[in-house]
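Per the working numbering, the sequence shown starts with residue 707, numbered consecutively.
Some notes on the structure that comes next.
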Amino acid sequence: MQRRHRTAVWSAGLSVLLVAVVIGSAALGPVRIEPATVAMAILNGVAVPSGIEVGTATLPLFGWPVPVPGLEFSSAFSFPVEKTHEYIVVQLRLPRIVLAATVGFALAAAGTVMQGFFRNPLADPSIIGVSSGGAAGAVAAIAFPALVPFGSLHLAAFVGALATAFLVYAIATEGGQTPVATLLLAGVAVQAFLGAMISYMLIHSGDGLREAVVWLMGSLANRGWNDVTFALPVSLAGALVLATYARELNVLLLGEEDAHHLGVEVERTKLVLLALASVVTAAGVAVTGVIGFVGLVVPHIMRLLVGPDHRILFPTSALAGASFLVVTDTIARWPAGPTEVPVGIVTAALGAPFFLFLLTRREVYSV
């Protein structure tokens, strides 16, 4: 009961922090908007089912119109908000903020799993090449669009990330066994190869060079609700399933042999954890590019605060990661110059010194 109470208290506190960060971020920009107005504009955008409407669709072969039932939605709130402010909040700022929260949530959740899986606080979602694979897919779509059989940059990056993860897993697996050390080394080798391929494609990217470089730095600029609908369902579903493996992650910290004796199907669990963490990471990388340090620093900080129990650590790290990326993206879009700073630069600039500070304080421990 104590563990459940701690989880509920920490999760509630971090959820309140996330809401405050979202409202604060949406209030900042070239046009300053009061936080209360932001909150009302967001609530005005909440729609609830209010009835059933019947539309029509045409059968593809016969051309006959057929009735198609659907839900009718209406706004749950009607606070008095100036139309210009409501448009700025809901259509311009909120999609980017929600996407930042989604990707931060996903990267921190995947980082927590990777650190527990590898029993190493230096592990992060890119350790098996997921980020490099996504980068390779995106740069290929930019530099050689005719050779990529996907019309979407997001889809090319998503497929590239997942293909790399499963390639690394296949290389490291022999006789039904996947040693963690072999998996790590295979990931390093594949990342090095993909880095060379990305460099080659950048040389031949022509007019797409700037787009490719900005994507590799990680950016949330010019993102909209379509990007949110691409990343949110995959990230949320994958994270929810990963949360059910918190006990197995705790047992794996004891070592694979002990985990096997305690009833954990080690190889199957490793495959599921790697697959889901890769999917969650790929969903984020596909829409924002490569954003580092979120999956490395946030889980480690939360481990220092709440302990190594993944039943508490996993949800708190995910929520903290969402707030962290919203804050760093707010800093990135701060009007400090003619060109917006990619958020990946900000996360590295803030994350690396803080992690070095923990190292000097000898507060980076094995998991």
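Beta carbons: idealized from backbone N, C-alpha and C, even for Gly.
Alpha-carbon to alpha-carbon, residue j and residue i
i                 : j              : result
phenylalanine 824 : alanine 943    : 23 Å
asparagine 826    : leucine 720    : 25 Å
valine 752        : alanine 782    : 6 Å
leucine 767       : alanine 742    : Because the pLDDT at leucine 767 is just 48, under 50, the model does not fix this residue reliably, and the value given afterwards should be weighed accordingly. Going by the C-alpha atoms only, they are around 53 Å apart.
alanine 937       : alanine 1054   : 22 Å
glycine 969       : threonine 1066 : 39 Å
glutamate 963     : glutamate 971  : 10 Å
valine 1033       : histidine 967  : 44 Å
valine 978        : glutamate 740  : 45 Å
alanine 733       : threonine 808  : 19 Å
DSSP-derived helix/strand/coil call for residue i
i             : result
alanine 782   : coil
glutamate 971 : coil
alanine 829   : coil
glutamate 880 : strand
leucine 767   : Because leucine 767 carries a pLDDT of 48, less than 50, the predicted location of this residue cannot be relied on, and no value is offered for it.
Spatial neighbours of residue i in its chain, beta-carbon cut-off 8 Å, leaving aside the 5 residues before and after
i               : result
aspartate 1035  : Ser731, Arg802, Ile803, Ala806, Leu926, Val1049 and Val1052
isoleucine 1018 : Arg709, Arg712, Thr713, Trp716 and Val1012
leucine 861     : Ala992
Integer-rounded CB distance, given that residue j should sit under 8 Å from residue i
i             : j              : result
alanine 842   : methionine 923 : So it is not a contact: roughly 15 Å between Cβ atoms.
glutamine 883 : serine 838     : Rounded, the Cβ-Cβ distance is 25 Å, inconsistent with contact.
Nearest neighbour of residue i, chosen from the options [CA to CA]
i              : options                            : result
serine 784     : Leu908, Ala1024 and Asn750         : Asn750
serine 832     : Leu798, Glu792 and Leu890          : Leu890
methionine 746 : Val1032, Thr950, Val787 and Val920 : Val787
alanine 949    : Leu982, Leu798, Ser911 and Asn928  : Leu982
valine 1000    : Ala992, Phe1030, Val993 and Pro851 : Phe1030
leucine 915    : Ala847, Leu798, Val819 and Leu868  : Ala847
valine 894     : Ile729, Gly835 and Gly930          : Gly835
valine 722     : Ile739, Val796, His791 and Ala1028 : Ala1028
Residues near residue i in its chain [Cβ-Cβ closer than 6 Å; skip 5 each side]
i           : result
valine 985  : Gly944
valine 845  : Ile904, Met907 and Ala918
leucine 900 : Ser838 and Ala842
Chain-order list of residues whose beta-carbon lies under 7 Å from that of residue i (same chain, five-residue window excluded)
i               : result
methionine 1008 : Leu1019, Thr1022, Ser1023 and Ala1026
histidine 791   : Ile739, Thr743 and Ala747
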